[in-house]
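Here's the structure we're looking at; comments come further down.
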Amino acid sequence: MQFGSFMEFHTRPGCSQAAAFEEGMEHIREAESLGLDGVWLAESHFNPQRSVLSAPLVIGAGIAGRTSTIKIGTAVHVIPLGNPIRMAEEAATLDQISQGRFEYGVGRSGFPGSYEGYGMAYGESRQRFYEYLEIIRASWTSERFSYEGEYYSYEDVCLTPKPYQQPHPPFRVASTTTDTFPVLGEMGYPIFVGVRGLGMSQVAEQVALYKEAWDKAGHEGEIDISLRIPVYVGEDEEEAVSLPENSFMKQFRRLGNQLAASAARPGTDPREDRVERSSQLAEITWDFVRQEKVAVGTPDMVVKQLTRMRDTLSLSGVVAELNAGEELPPDKIASSLRLLCEEVMPAFR
C-alpha cells in the first residue's frame, strides 16, 4: 500500500497564518526525509479558524520547489469552483515543475459553504463536476480540442503547457454518496473513500458496487482505492489511545454539525440522508470510533487496524490525517509521523 499525509495547513490559536504555512512545510520536509510516499493537499475556503490552505496548486508548486522525491497530490481540488481550462493549465504546470510527482485528486465538496462564498449555485456542482473532468482530460490528451457542454464551450483550444506525465497525471476522485461509486467504476477512475459518516460495512458495500462496475466496463488492472482516515501512532499504548481522543472526536462532532446545517441548504441532494448521518455521528463514542473510523495505538495496533481496513475495503493506499481536529501538538504529530513511516509502513510493503 501507498501511504500519504493529509495536509490542511491548520491554524493554531495565538499563532499567525505565516506560522501555519511554516508548520505545514516543516511536516512535509520531515515526511520526505522519512520516506513517506506522498502528501495530499486539502482545499479550504473562508475558515481562518481551521486552515490557510485555500490554494492547493499554489502550495503544491511551493512543495515541488522544496522537495525532490515525495509525491504531491490534491485531496481534493474542488474543480467546480473554477474555470476548467485555467485549472487544467495550472495543474499541468505543477506536474511539469514537480517532474511528474503530481496526482490530481478532485471532488465537488460535500458542503455548500464554499460555493456560497464564491457566489455559485451548489445545486449545479454535480453536473459541472463531470463536465469539468471531461474538459480537463480532453485538454491534456489532445493537441487542440473543441468542446460543447451545458456550462462551457471551447473551440479549437491548444492548452499549454501539457502535463509532464503522459498521457496525463493520475486522477483520483472523492466518492461519498452510494450512487457515485458505480459511475466512477464505469469511468475507470481511482477513488478516495472515507469512513467518517458511514460505517465500514456500509462503505464496503459501496466499494462492491464500484468494483462490479469497474469489472463490467472491462478496465485493465486492479481497482485503486485510497482511504482518508485519522491516524495516531505512539510508543505507549495508554497515551496512544487517549491522547488523540479529544482532537479526533472534535472532527466527528464537527462533521455531524456540518451535515445537519447543510441538510436544508439550496442544492443539497435529499438522497444523501444528511440528517440521519448527522444523528448517528452525534451519538458515537470514542470506543466505537476506535473500532471503525480511526487507526490509533502502538505500531502493532495500528498495523492490525489498517490490515483489517485494507482487507475489508480493498485498499491500495492510506491517506493519514495526523492532526484531525487540529488540536494535537506539533511534537506529537512529528513522533506519530516517524512511527508511521518507520514501524507501520514496512508491514505493508
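In the working numbering, the protein residues as written are 2 to 350.
Each residue gets a CB set at the ideal place from its N, CA and C atoms; glycine is no exception.
Once DSSP output is grouped into helix, strand and coil, what is the label at Gln-203? Translated into positions along the sequence shown, residue 203 becomes position 202. Helix.
Which complete alpha helix (DSSP H) runs does the region 99-169 hold, if anything under 4 residues is left out? 114-119 and 126-142
In this structure, how does DSSP classify Pro-183 when only helix, strand and coil are distinguished? Walking along the sequence shown from the start, residue 183 turns up at place 182. Three-state result, Pro-183: helix.
Consult DSSP for Tyr-233 and reduce its assignment to one of helix, strand or coil. Locating residue 233 in the sequence shown gives position 232, counting from the first residue. It is a strand residue.
Mind checking Ala-76: buried by the 16 CB within 10 Å criterion, or exposed? Counting from 1 along the sequence shown, the entry for residue 76 is found at position 75. When all chains shown are included, Ala-76 counts as buried.
Buried/exposed call for Arg-173, threshold 16 Cβ in 10 Å: Taking the sequence shown and counting its residues from 1, the one referred to as residue 173 is at position 172. That one is buried.
Quick check on DSSP: helix, strand or coil for Met-8? Within the sequence shown, the letter at position 7 stands for residue 8. It is a strand residue.
Cβ neighbours of Phe-103 in the same chain (closer than 6 Å, five flanking residues each side left out): As a first step, residue 103 must be located in the sequence shown, where it is residue number 102. Here the set comprises Ile-73, Leu-95, Asp-96 and Pro-170.
Helix, strand or coil: how does DSSP classify Phe-172 here? Taking the first residue of the sequence shown as position 1, residue 172 is located at position 171. Phe-172: strand per DSSP, three-state reduction.
Could you please give the first and the last residue of the uninterrupted beta strand (DSSP E) stretch that includes Phe-47? Start at 1 with the first residue of the sequence shown, and residue 47 comes out as number 46. Unbroken run through Phe-47: none, as it is neither H nor E.
Ignore the nearest five residues each way along the sequence and tell me which others in Ile-306's own chain have a CB closer than 6 Å to its CB. For this step, residue 306 is matched to residue 305 along the sequence shown. Residue identity differs from the one stated: residue 306 is Gln in this sequence, not Ile. Once the five neighbours on either side are set aside, the close Cβ partners of Gln-306 are Ala-296.
Could you tell me whether the region 131-141 touches the region 64-71, where touching means 3 or more Cβ pairs closer than 8 Å? no
Run through the DSSP bridge pairs and tell me what Leu-42 is partnered with. Position 41 of the sequence shown holds residue 42. DSSP, once it has assigned bridges, lists Met-8 and Thr-75 as partnering Leu-42.
Give me the Cα-Cα distance between Leu-82 and Glu-44, rounded to the nearest whole angstrom. Residue 82 sits at position 81 when you count from the first residue of the sequence shown. Residue 44 sits at position 43 when you count from the first residue of the sequence shown. Those two C-alpha atoms are separated by around 11 Å.
Assumed close pair Val-158, Arg-109 - CB separation to whole angstroms, cut-off 8 Å: Counting from 1 along the sequence shown, the entry for residue 158 is found at position 157. Counting from 1 along the sequence shown, the entry for residue 109 is found at position 108. So it is not a contact: roughly 23 Å between Cβ atoms.
Do the region 284-304 and the region 189-200 touch if we need at least three Cβ pairs shorter than 8 Å? yes
Excluding five sequence neighbours on each side, which residues of the same chain lie with their C-beta closer than 8 Å to the C-beta of Leu-244? The residue you call residue 244 lines up with position 243 of the sequence shown. Excluding positions up to five away in sequence, the list reads Tyr-233, Gly-235, Leu-329 and Lys-333.
For Gln-327, three-class secondary structure by DSSP: Position 326 of the sequence shown, counted from the start, is the residue given in the question as residue 327. Strictly speaking, residue 327 in this sequence is Glu, with Gln absent from that position. Reduced to three states, the DSSP call for Glu-327 is coil.
By Cβ distance, which residues of its chain are closer than 6 Å to Arg-255, with the 5 residues on each side in sequence left out? Translated into the one-based positions of the sequence shown, residue 255 becomes position 254. Contacts found: none.
Taking 8 Å as the threshold (C-beta atoms), are Met-88 and Val-319 in contact? Working through the sequence shown from its first residue, we reach residue 319 at position 318. Working through the sequence shown from its first residue, we reach residue 88 at position 87. Not closer than 8 Å, so no.
Cα-Cα, which of Met-8, Ser-115 and Gly-25 is closest to Gln-259? One-based indexing of the sequence shown puts residue 259 at position 258. Checked all of Met-8, Ser-115 and Gly-25; the closest Cα to Gln-259 is Ser-115.
Neighbourhood of His-220 by C-beta distance below 6 Å, restricted to the same chain and skipping five residues each side: On the sequence shown, position 219 is the one that residue 220 refers to. Correct list, in chain order: Gly-189.
Which of the three DSSP states, helix, strand or coil, is assigned to Leu-228? For this step, residue 228 is matched to residue 227 along the sequence shown. Of the three classes helix, strand and coil, the one that applies to Leu-228 here is strand, per DSSP.
Anticipated Cβ contact below 8 Å, Glu-327 with His-11, distance rounded: Here the question's residue 327 lines up with position 326 in the sequence shown. Here the question's residue 11 lines up with position 10 in the sequence shown. About 4 Å separates the two Cβ atoms, so the contact holds.
Gln-3 bridges to which residues according to DSSP? As a working note, residue 3 is residue 2 in the sequence shown. Gln-3 is bridged to Gly-318.
Give every residue of the same chain whose Cβ lies closer than 6 Å to the Cβ of Trp-41, excluding the five residues on either side of it in the sequence, and list them in chain order. Residue numbering aside, residue 41 sits at position 40 when the sequence shown is read from its first letter. These residues qualify, in order along the chain: Gly-5, Phe-7, Gly-74, Ala-76 and Val-320.
If I follow the unbroken alpha helix (DSSP H) through Val-194, where does it start and stop? Here residue 194 corresponds to residue number 193 of the sequence shown, with the count starting at 1. No alpha helix (DSSP H) contains Val-194, which is instead part of the beta strand (DSSP E) from 192-195.
Would you call the CB atoms of Tyr-153 and Glu-132 closer than 8 Å? Position 152 of the sequence shown, counted from the start, is the residue given in the question as residue 153. Position 131 of the sequence shown, counted from the start, is the residue given in the question as residue 132. The answer is yes: Cβ separation under 8 Å.
Once the 5 residues before and after Arg-339 are set aside, which same chain residues still bring their CB inside 7 Å of it? Here the question's residue 339 lines up with position 338 in the sequence shown. Excluding residues within five positions, the ones whose Cβ falls inside 7 Å are Leu-35.
Please determine, among Val-59, Asp-288 and Ala-122, the residue with the shortest C-alpha to C-alpha distance to Glu-91. Counting from one through the sequence shown, the residue named residue 91 turns up at place 90. Selected option, being the one with the closest Cα: Val-59.
Would Trp-215 pass as a contact of Ile-224 if the rule is Cβ separation under 8 Å? To locate residue 215, count along the sequence shown from 1; it is residue 214. To locate residue 224, count along the sequence shown from 1; it is residue 223. Yes, the pair counts as a contact, with Cβ atoms nearer than the cut-off.
For Gly-298, which of helix, strand or coil comes out of DSSP? Numbered from 1 along the sequence shown, position 297 holds the residue referred to as residue 298. Here Gly-298 sits in strand by DSSP.
Hey, out of Pro-168, Leu-282, Tyr-119 and Leu-160, whose CA is closest to Phe-47's CA? Here residue 47 is taken as the residue at index 46 of the sequence shown, counted from 1. That would be Tyr-119, whose Cα lies nearest to the Cα of Phe-47.
What's the gap between the Cα of Gln-50 and the Cα of Gln-18? For the purposes of this step, residue 50 is taken as the residue at position 49 of the sequence shown. For the purposes of this step, residue 18 is taken as the residue at position 17 of the sequence shown. Rounded to the nearest angstrom, the two C-alpha atoms are 10 Å apart.
Please classify Lys-217 as buried or exposed, where buried requires at least 16 neighbouring CB atoms within 10 angstroms. Reading the sequence shown from its first residue, position 216 is the one you call residue 217. Exposed, because fewer than 16 other Cβ atoms sit within 10 Å of the Cβ of Lys-217.
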